[in-house]
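Q: One structure is given below, represented as structure tokens, and several questions about it will come after.
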Amino acid sequence: LVGLLLFMGIQGSWAESGPLKTDPLQSPLTRLQKILAEGSQNSSDPAMLLTLAGLYLEIGQEIYQDEGLKRQAFDEGARLARRALDREEDNAEAHYLYAANLGSSAQIEGVMASALTVNTLKTHVRRALELNPHHAPALHMMGMMLEELPWFLGGDPDMAVTYLIQATEVKPDYTRARLDLAKIYIKRQNYRAAREELRHIMDEPARSPVSESGQHHYQQEAKILLDALPSLH
154 LVGLLLFMGI
164 QGSWAESGPL
174 KTDPLQSPLT
184 RLQKILAEGS
194 QNSSDPAMLL
204 TLAGLYLEIG
214 QEIYQDEGLK
224 RQAFDEGARL
234 ARRALDREED
244 NAEAHYLYAA
254 NLGSSAQIEG
264 VMASALTVNT
274 LKTHVRRALE
284 LNPHHAPALH
294 MMGMMLEELP
304 WFLGGDPDMA
314 VTYLIQATEV
324 KPDYTRARLD
334 LAKIYIKRQN
344 YRAAREELRH
354 IMDEPARSPV
364 SESGQHHYQQ
374 EAKILLDALP
384 SLH
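Residue numbers (our numbering): 154 to 386.
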């Protein structure tokens, strides 16, 4: 067993591409409460199950601060995504959401992650990308796993950058992936590339009123990193 902090590149990534349309002007918690009030959590429809799994993921990442509530959200998201997988194994979104919720729960729990745990996550993310090579959140998650994992668990820093670049190419307004890419460039002392990514974040408008606060947070972090970069001569 290896003590491993499982960093999942998943925050704020799923909501725009979910299988069911929801009101973008409502917060994810409001949307979830509305769906639950309709009894839809008992649905056997994979699209509905994945909408719920995505909302639980988003709420756990972006809204809940209490670790107990976060873990409950991620565990429920994983359970719902697993139900969707049981009905549609060839659904890329289901594989991604299962891995993302499962990995987020493990991160909160601070588990001693075995190679089996890591392989389970990688298996589902890889399957998501087999089914949809342009699935930006799965590209992001795979990139961050390859960056954070030690070599003996399959870490590969070079491939990590490749996956993150692909995520930002597939979805140019994917701010979280672009911020993580900039941080990796800084870690590699590739300050010119980092500056380019950070400036892109600073110029990116919010996609909706609900996303404005999250975008502002990312832009604040990007500005701090940008200001700290060494001057280029």
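Note that the Cβ used here is the ideal one computed from N, Cα and C, for glycine as well.
Spell out a yes or no on whether the stretch 249 to 259 and the stretch 289 to 302 are touching, meaning 3 or more CB-CB pairs, one atom from each, closer than 8 Å.
A: Taking 8 Å as the limit for Cβ pairs, the verdict is that the stretch 289 to 302 does touch the stretch 249 to 259.
Q: Taking E246 as part of the alpha helix (DSSP H), name the residues at either end of that continuous run.
A: Here the alpha helix (DSSP H) through E246 covers A245 to E262.
Q: Could you tell me which whole alpha helix (DSSP H) segments of length 4 or greater appear in the stretch 331 to 365?
A: Listed in chain order, the complete alpha helix (DSSP H) runs (minimum 4 residues) inside the stretch 331 to 365 are 344 to 356.
Q: Can you tell me whether DSSP reads Q373 as helix, strand or coil?
A: Three-state DSSP puts Q373 in a helix.
Q: Starting from the C-beta of M298, find all residues in its chain whose C-beta is less than 6 Å away, skip the five residues before and the five after it, and write them out in chain order.
A: Result list for M298: empty, nothing under 6 Å.
Q: So what does DSSP say about D219, is it helix, strand or coil?
A: DSSP places D219 in coil when its eight states are reduced to three.
Q: Can you tell me whether DSSP reads G230 as helix, strand or coil?
A: Helix at G230.
Q: What residues in its chain sit with their C-beta under 7 Å from that of A226, if we drop five residues either side in the sequence?
A: Here the set comprises Y209, I212, G213 and Y217.
Q: Assuming E350 and R331 make a contact with CB atoms under 8 Å, what is their CB distance in whole Å?
A: Right, their Cβ atoms sit about 5 Å apart.
Q: Give the range of the alpha helix (DSSP H) segment to which G296 is assigned.
A: Taken as a continuous stretch (DSSP letters only), the alpha helix (DSSP H) holding G296 covers A289 to E301.
Q: In three-state DSSP terms, what is L189?
A: L189: helix per DSSP, three-state reduction.
Q: Go through its chain and collect everything with a Cβ distance to N285's Cβ below 6 Å, but skip five positions before and after it.
A: Counting only Cβ-Cβ distances below 6 Å, and skipping sequence neighbours, we find A245.
Q: Tell me which same chain residues have a C-beta within less than 8 Å of the C-beta of I339, skipping the five on either side of it?
A: Hits under 8 Å: A347, L378 and L382.
Q: In chain order, what residues of the same chain lie with their CB nearer than 6 Å to the CB of T175, ignoring the 5 residues before and after it?
A: With a pLDDT of 49 at T175, under the threshold of 50, the predicted position of this residue should be treated as unreliable, and no value is reported.
Q: Could you say which of D326, A335 and S384 lies nearest to Q368 if we only look at CA atoms?
A: Nearest option by C-alpha distance: D326.
Q: Ignore the nearest five residues each way along the sequence and tell me which others in R279's own chain have a CB closer than 8 Å to its CB.
A: The residues are M295.
Q: Could you tell me how far apart the beta carbons of G308 and L302 are, in whole angstroms, since I believe they sit closer than 8 Å?
A: Yes, they are in contact, since the Cβ atoms of G308 and L302 sit about 4 Å apart, within 8 Å.
Q: Can you look up M265 in the DSSP assignment and give me helix, strand or coil?
A: Residue placement at M265 is flagged as unreliable, the pLDDT there being 48, under the threshold of 50; a coordinate-derived value is accordingly withheld.
Q: In terms of residue numbering, what span does the alpha helix (DSSP H) encompassing Y316 cover?
A: From DSSP, the alpha helix (DSSP H) with Y316 extends over P310 to V323.
Q: Could you tell me whether the Cβ atoms of A237 and P199 are closer together than 8 Å?
A: Going by C-beta atoms, A237 is nearer than 8 Å to P199.
Q: Tell me which same chain residues have a C-beta within less than 7 Å of the C-beta of T315, skipping the five on either side of it?
A: Hits under 7 Å: none found.
Q: Using beta-carbon positions only, say whether L189 and A206 come within less than 8 Å of one another.
A: Cβ distance not < 8 Å, so L189 and A206 don't count as in contact.
Q: Rounded to a whole number of angstroms, what is the C-alpha to C-alpha distance between T276 and K336?
A: Cα to Cα, T276 sits roughly 26 Å from K336.
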